[in-house]
Every structure is written in structure tokens, then in C-alpha cells.
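Residue numbers (the numbering used here), protein chains in the order written: chain A, 269 to 572; chain B, 2 to 190. For every residue, glycine included, the Cβ atom is placed at its ideal position computed from N, Cα and C. Computed from a predicted model, the values in this text were never measured in an experiment. Take a look at the structure below.
As C-alpha cells, then:
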């Protein structure tokens with residue numbers, strides 16, 4: 269699998285890079301949980317193990333690296349399950365000058381080679397369309413009443429309590445449980461046009477500000493990765509960082525350090541680009557038809 | 002009582018849900034790459050035996066339930082209650098017919114069984130996996146038949162009815178698997 273990926277990018281003149289796993293700063297998303305460690309030299313300093321190589325790679329892009337890819341370890345605390353191990357392997361790549369469609373084309377091409385064309389031809393579906401198909405709900409316009417009615421109808425009243433009026437959590441829940449299991453049966457499925465409240469580091473769509481320029485990759489009902497038309501506006505990025513830091517404080521989550529070096533890099537100018545991260549352990553799971561992620565790891569966290 | 006968060010939900014953990022003691026059967030972690038994590042949990046209500054599925058936001062917590070399984074000796078049935086005794090402390094516990102449920106079919110005086118206590122009161126009774134019981138009523142045995150085919154019903158001293166091979170006779174003691182209600186073998190005195 270790794271050979272195939274490297275050959276794929278070599279052929280397309282995308283440079284393989286390596287960036288630090290340890291960083292002074294980290295992502296701010298409230299849903300991420302970090303591993304930290306102490307750098308003992310001189311004045312002890314807290315360092316974070318990366319949750320993805322995104323920030324460092326964007327700094328390379330801003331410095332003029334051109335298109336790059338990386339295969340590395342990433343770490344997310346408190347994530348253990350059939351599809352999760354707190355230490356896992358990511359393939360992340362950025363394509364300068366690509367928009368989201370170009371990147372989706374490339375993802376399809378890569379998967380076709382990796383799977384030796386054994387899957388059915390890939391599908392591309394608009395988020396709101398598939399969401400409505402399986403739930404009958406409008407994903408872009410939140411209505412507490414209709415969402416709650418759906419929960420009552422499906423006897424999942426507890427969801428109303430913990431989602432409350434938070435549209436993003438409702439979408440996370442409903443999509444994970446009612447939509448995702450149907451995605452990409454024996455084939456690749458790319459879902460694009462995520463609602464704006466789930467934009468993360470993507471741009472908002474120019475023609476429809478309700479949706480973000482983001483897509484996700486599903487294969488056999490399993491989520492493999494996230495692609496973005498990358499946000500390059502440092503002011504907007506800073507605003508989202510601050511929002512998320514405030515949200516973390518309100519919910520009493522561990523403190524994070526926002527990445528000023530990333531903001532400086534964005535300020536100096538990130539080229540127009542699209543990027544994506546793919547979970548390689550899960551991809552391998554599907555390719556070898558493994559039941560759990562531990563089947564494709566030498567030693568999972570329980571045995572590490 | 003301790004409080005457990007979704008990360009600590011493991012199979013067998015006893016927790017309180019909707020005011021009933023429950024046991025966790027399975028805990029599945031579900032998380033979109035960017036977004037909120039959830040735990041889909043299968044839970045057995047220890048009072049009703051019903052299995053339900055409940056979803057939690059990861060990090061939510063539930064109060065633990067004071068539920069313990071204890072090996073006890075079954076003493077006797079006084080009509081209203083079945084009486085059990087802890088073999089070390091000699092403490093005695095009473096359980097009504099509803100609590101004992103189907104276990105009553107396999108309880109023989111003096112046998113050991115598992116009594117599940119909730120807040121120190123019996124919640125459920127589980128007989129040993131194998132019990133030895135006497136046949137009090139069955140059709141006469143057929144000599145020479147050693148194959149397992151066919152069989153006949155036999156009523157045991159506890160009132161349970163199991164299928165036994167044709168060669169097994171009345172007043173014999175047999176070994177039964179209480180989980181399936183199946184005959185295992187004859188027991189030589």
C-alpha cells in the first residue's frame with residue numbers, strides 16, 4: 269500500500285516531506301484531545317503531539333514548497349474503538365492550484381490504484397441531499413422542533429437532551445448513525461458541501477455561504493478522510509481559533525495553545541490549494557477486510 | 002457510589018440508568034473525523050432483563066450501581082419466598098418468585114447458586130451451569146436403546162421438564178445444563 273502511494277505521488281511530482289511530530293502549538297477544535305509532553309531543556313516547556321501534520325505542512329506551503337505529501341503518525345487522546353487507536357497513521361497531501369473538484373478527481377484516481385480497481389465506480393453526493401434522503405431533515409437549516417420530532421419517532425429521545433440546540437452536534441449524530449453506514453457500499457463515496465457550521469479549516473463556498481468547501485471520503489460505510497479547499501485568510505483563521513478557544517474554556521476543556529506560526533505563515537500568503545488527510549490504518553482494514561483496527565496494527569494501544 | 006464516564010464503560014460494569022440497575026454489554030465508540038464523539042452502548046436492565054441500546058455523548062457519565070454477584074446456598078422455599086444463605090457470613094436473604102424467575106426450575110435444597118444483590122437485596126438468581134436432579138416422573142425405560150434419537154419428557158424434582166433418552170428411568174438422577182435446559186448424562190450414585 270505504501271509503495272503504491274509513493275509511486276502515485278512520484279509520478280505526479282508531489283514532494284514527500286517530513287515535519288515534526290512534537291509542536292509548541294496545536295489545533296483548537298473542541299473535539300480534539302491531546303497528548304502532551306514536557307521539553308526539559310532550560311525552561312521546561314509543554315509540547316503537543318500532533319493530531320495531524322496540517323499546520324506544519326501549511327507553513328511549508330506558505331514558504332513555497334509547492335505540492336507536498338506526508339505519511340506520518342498522528343495522535344488523538346481518548347479515541348479507542350473498532351475504528352480508532354490513539355496513535356495512527358495519516359496520509360496527508362496538499363495540491364497547489366487545485367480546487368475541491370480537482371482534489372476529488374485525484375482521490376478517486378489514488379483509490380482506484382490502491383484497490384486495483386476492484387470497487388465499483390466512485391460516487392459524489394451533496395451532503396444535504398444524502399442527509400435528507402436518509403433522515404428527511406434539512407441539514408443546512410436547523411429546526412429544533414423537526415430534529416426533535418425525528419428523534420422521538422426513532423426512539424432516541426436521549427439525543428434531544430445532549431444535542432440541545434447545538435446544530436453541529438445534531439448533524440454529527442444523525443450523520444454518523446443514520447447516513448454514514450449507507451455510504452459507499454463496495455465503492456468509494458465522496459460527500460461534499462458540508463454545512464458551514466462544520467467547516468473546520470475549509471473555506472465557505474463562494475456561491476452558497478451555508479456550505480463549506482469540504483468533502484469527506486467514505487469506503488464501505490467507513491470514514492477515511494477529510495478534504496478541504498484550504499482557508500488562507502489569516503484573519504478568518506484567527507477568528508475561528510479564538511472562537512474555538514472560547515468554546516473550550518466554556519466547556520472546561522484542557523487549555524490549548526494557538527499556532528501563531530501558522531497564522532504568520534497564512535499572513536505571509538498561503539497559495540491557493542486543496543488538501544486532504546486519509547487514515548491509512550482504516551484504509552488497510554478495508555483492503556484486507558479486517559474486522560478491527562487492531563488487526564492491522566503491530567500492537568494496538570492495549571499492547572503498546 | 003462512584004461515577005463512570007463513557008470511556009470507562011466496559012462489558013460487565015454495573016450502572017444506574019433511569020433509576021434501574023443495569024449492566025453494560027457492549028460499548029461502541031463512534032466518532033466523525035471532525036466532530037463530536039459518541040458512544041453507542043448496549044445495556045441490560047438487570048430488573049427486567051431487557052436489553053436496550055442507548056447513545057451517549059462521549060464524556061457523559063452515569064452513576065455506578067451497587068450490584069454484586071454472590072455465591073450462596075439455596076436453603077428452602079417457604080411458600081412466599083425462597084431463602085438463601087451466604088456460606089461464610091451465614092447471612093440469609095429472601096427472594097420472591099418474580100426475582101427468582103426461571104431459576105426456580107433448577108434450585109435444589111442445599112445447592113450453590115449465584116444471587117445478584119442490588120443495595121443488599123436480591124435482584125436476580127442464577128443457578129449453577131450444571132445441576133443434578135432426580136427424575137420423579139417419566140415413561141418406563143427402554144433397555145438397549147443407547148442412541149440419542151427421539152427421547153421422552155421427564156419431570157424432575159424441581160418441577161422442570163427436560164427431554165431425556167429412552168433408556169433413562171424414573172428415580173434416576175441426571176445432570177442438566179441449566180443454560181439450555183438440556184440433558185447431559187446420568188449420574189451414578
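Residue-level contact to chain B via CB, residue i, 7 Å cutoff
i              : result
residue 494(A) : yes
residue 467(A) : no
residue 440(A) : yes
residue 437(A) : yes
residue 514(A) : no
residue 491(A) : yes
residue 249(A) : Past the boundaries of the shown model lies residue 249(A); chain A is included only from 269 to 572, so the question cannot be answered.
residue 474(A) : no
residue 505(A) : no
residue 411(A) : no
residue 383(A) : no
residue 542(A) : no
residue 335(A) : no
residue 444(A) : yes
DSSP-derived helix/strand/coil call for residue i
i              : result
residue 391(A) : strand
residue 189(B) : coil
residue 178(B) : strand
residue 97(B)  : strand
residue 274(A) : helix
residue 541(A) : strand
residue 102(B) : helix
residue 525(A) : coil
residue 294(A) : coil
residue 22(B)  : strand
residue 363(A) : strand
Min CB distance residue i to chain A below 7 Å
i             : result
residue 37(B) : yes
residue 99(B) : no
residue 51(B) : no
Cβ distance (whole Å) where residue i is taken to contact residue j below 8 Å
i              : j              : result
residue 403(A) : residue 430(A) : About 18 Å; that fails the 8 Å criterion.
residue 481(A) : residue 368(A) : 5 Å
residue 443(A) : residue 483(A) : Their Cβ separation, rounded to whole angstroms, is 13 Å, which puts residue 443(A) and residue 483(A) out of contact at 8 Å.
residue 182(B) : residue 166(B) : So it is not a contact: roughly 15 Å between Cβ atoms.
residue 37(B)  : residue 299(A) : 6 Å
residue 388(A) : residue 455(A) : 4 Å
residue 296(A) : residue 516(A) : 7 Å
residue 325(A) : residue 360(A) : 6 Å
Chain-ordered neighbours of residue i on chain B, where CB pairs are closer than 7 Å
i              : result
residue 352(A) : 30 and 32
residue 424(A) : 56
residue 338(A) : What residue 338(A) touches in chain B: nothing, since even the nearest Cβ is about 17 Å away.
Chain-ordered neighbours of residue i on chain A, where CB pairs are closer than 9 Å
i            : result
residue 8(B) : 346 and 348
Chain A contact residues for residue i, given Cβ-Cβ distances below 7 Å
i             : result
residue 58(B) : 430
residue 92(B) : Within chain A, no residue comes near residue 92(B); the closest Cβ sits about 38 Å away, beyond 7 Å.
Cutoff 7 Å: residue i Cβ touching any chain D Cβ
i             : result
residue 55(B) : Here the protein chains are A and B, and chain D is not one of them.
heavy atom of the ligand MG below 6 Å from residue i C-beta
i              : result
residue 179(B) : The ligand content of the structure shown is nil, which means the ligand MG is not present either.
Chain-ordered chain A contacts of residue i [CB-CB under 8 Å]
i             : result
residue 61(B) : 430
Cross-chain neighbours of residue i in chain B, by beta carbon under 9 Å
i              : result
residue 421(A) : Going along chain B, no residue has its Cβ under 9 Å from residue 421(A), so there is no contact; the nearest lies around 15 Å.
residue 484(A) : 33, 34 and 35
Partners in chain B for residue i, counting only beta-carbon separations shorter than 8 Å
i              : result
residue 427(A) : 56
Quick one: any contact between the segment 423-442 of chain A and the segment 492-502 of chain A, if contact means 3 or more CB pairs under 8 Å? The segment 423-442 of chain A and the segment 492-502 of chain A do not touch, with fewer than 3 CB-CB distances between them shorter than 8 Å.
Given 8 Å, three or more beta-carbon pairs between the segment 31-45 of chain B and the segment 53-69 of chain B: The segment 31-45 of chain B makes contact with the segment 53-69 of chain B, as at least three CB pairs between them are under 8 Å.
When you compare the segment 549-557 of chain A with the segment 351-363 of chain A, are there three or more beta-carbon pairs, one atom per stretch, that lie closer than 8 Å? Three or more beta-carbon pairs separated by less than 8 Å link the segment 549-557 of chain A to the segment 351-363 of chain A, which places the two stretches in contact.
Between the segment 27-37 of chain B and the segment 335-355 of chain A, do at least 3 Cβ pairs fall closer than 8 Å? Short answer: they touch.
For the segment 58-66 of chain B and the segment 13-21 of chain B, state whether three or more C-beta atom pairs, one from each stretch, are separated by less than 8 Å. They touch, by the three-pair rule.
Would you check if there are 3 or more beta carbon pairs closer than 8 Å linking the segment 508-520 of chain A to the segment 533-542 of chain A? In this structure the segment 508-520 of chain A does not touch the segment 533-542 of chain A; the number of beta carbon pairs closer than 8 Å is below three.
Does the segment 78-88 of chain B come within contact of the segment 152-164 of chain B, defined as at least 3 CB pairs closer than 8 Å? Pairwise C-beta distances place the segment 78-88 of chain B out of contact with the segment 152-164 of chain B, as fewer than three of them are shorter than 8 Å.
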